[in-house]
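Here the structure comes first, spelled out in structure tokens, and everything after it is commentary.
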Amino acid sequence: MKSIWLLPHRGMVFGLSLLAGCVFIGIATVLLGKGPTGIILLDAATNTFPYPLTIQNVMHLFFFVGLGEFFVRWRVAEREFAFVAQHLLPEDGETVLQSPDLPAIRRQTTGQFNGEHGFLPYLIDLCILQFQASRSVDQTVSVLNSSLELIAHRVDLRYALARYIVWVIPTIGFIGTVIGIALAMEQINPEQVDLKVLTSSLGVAFYTTLVALVQSAFLVLLMNLVQAREERSVNEAGHYTLRNLINRLYVGKDQ
């Protein structure tokens, strides 16, 4: 449980999210039954699909997968912010860093980053390596800027699945509405139209879109909040490195 909280694995969270969605459907089925709320949220009284294989329940599963994805992204963002609190670099207003001071700082970042996580330790390690190789602050700044652009692009790519989920839920809802309308029209008896049955069928058909739009709106809000948090962690890592490493580098005359 500790690893899931500190740095969750996407595959594990995906499985747990599906399980949570199934548990939600089961509990809602027991509590709501075939009442009005159960019909709206679950299509519990459906004659179109074998329950629980309804359009609403499929959307619920996607919704919980989306929640799990945003949980992963949120925890990753918080972990990135936690690196700043480790004070990997001097933060006072007087310290100047020269080449002999850098290996000790670089050793602190060892094992704290990989290809996906640890923006701040990665930037510190890369900038120190570049400065030791070139003895040029300008080249080190250039490497920092290029690395920040690549990291920002990498963060944006991480939201591909989230964007798909936000798109697919209302799409499934619209498909459910179209299917419901088509089936309602099919049941019309031209010789004796029962408006009560027709309006009831059409009402159920539009419930899928209603549920889908509510879920999608909530997920879009979460996506914007979490993505902003993760992008802010990238900016904070870059700002911290620039302020406390780049601005302190000094190339001595004997170097």
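Reminder that position 106 of the sequence shown reads as 113 in the numbering used here, one-by-one numbering, no gaps. A virtual CB, placed ideally from N, CA and C, is assigned to each residue, including glycine. Please read all numbers here as calculations on a predicted model, not as lab measurements.
Could you check the C-alpha separation between residue i and residue j for me, to the nearest Å?
{"i": "L96", "j": "G180", "result": "51 Å"}
{"i": "A244", "j": "G42", "result": "52 Å"}
{"i": "V91", "j": "V144", "result": "22 Å"}
{"i": "T117", "j": "L136", "result": "13 Å"}
{"i": "T184", "j": "F71", "result": "21 Å"}
{"i": "Y58", "j": "A212", "result": "16 Å"}
{"i": "A189", "j": "W174", "result": "23 Å"}
{"i": "M192", "j": "T216", "result": "18 Å"}
{"i": "I131", "j": "R113", "result": "7 Å"}
{"i": "E238", "j": "H160", "result": "10 Å"}
{"i": "V37", "j": "Q115", "result": "54 Å"}
{"i": "V150", "j": "N121", "result": "18 Å"}
{"i": "M230", "j": "R165", "result": "11 Å"}
{"i": "Y7", "j": "I32", "result": "The structure shown does not extend to residue 7, since the chain is modelled only from 8 to 262, so the question has no answer here."}
{"i": "F26", "j": "Y129", "result": "It is worth fixing the name first, because residue 26 is Leu in this sequence and not Phe. Answer to the nearest angstrom: the Cα atoms are 35 Å apart."}
{"i": "R236", "j": "V162", "result": "11 Å"}
{"i": "P110", "j": "T178", "result": "54 Å"}
{"i": "M19", "j": "G28", "result": "14 Å"}
{"i": "Q119", "j": "G45", "result": "48 Å"}
{"i": "I186", "j": "V30", "result": "26 Å"}
{"i": "G100", "j": "D108", "result": "17 Å"}
{"i": "S154", "j": "F225", "result": "33 Å"}
{"i": "I182", "j": "R17", "result": "29 Å"}
{"i": "A89", "j": "F56", "result": "48 Å"}
Apart from the five residues just before and just after residue i, which ones in its own chain have a Cβ nearer than 8 Å to its Cβ?
{"i": "R86", "result": "L13, L14 and H124"}
{"i": "Y247", "result": "V91, L96 and L127"}
{"i": "N251", "result": "L96, P97 and E98"}
{"i": "V233", "result": "F77, R80, W81 and A84"}
Leaving aside the five residues before and after residue i along the sequence, list all residues of the same chain whose C-beta is less than 7 Å from its C-beta, in chain order.
{"i": "L48", "result": "A35, L39, Q63 and V218"}
{"i": "Y257", "result": "V103, L104 and Q105"}
{"i": "F21", "result": "V72 and G75"}
{"i": "L23", "result": "G75"}
{"i": "C134", "result": "T147, V150, L151, T248, L252 and I253"}
{"i": "V227", "result": "V173"}
So if DSSP puts residue i in a beta bridge, which residue, or which two residues, is it bridged to?
{"i": "L256", "result": "L104"}
Go through its chain and collect everything with a Cβ distance to residue i's Cβ below 6 Å, but skip five positions before and after it.
{"i": "I176", "result": "M66, F69, A219, Q222 and S223"}
{"i": "I158", "result": "F126 and V241"}
{"i": "F78", "result": "none"}
The region 168–184 touching the region 138–151, judged by at least three CB pairs closer than 8 Å: no
Counting beta carbon pairs with one atom in the region 48–58 and one in the region 78–85, are three or more of them shorter than 8 Å? no
With a floor of 4 residues, list each alpha helix (DSSP H) that falls wholly inside the region 150–204, ordered by position along the chain. 167–193
Any alpha helix (DSSP H) of 4 or more consecutive residues that is wholly inside the region 8–37: 9–13
For the region 44–116, which segments carrying the beta strand (DSSP E) assignment without a break, of at least 3 residues, lie completely within its bounds, in sequence order? none
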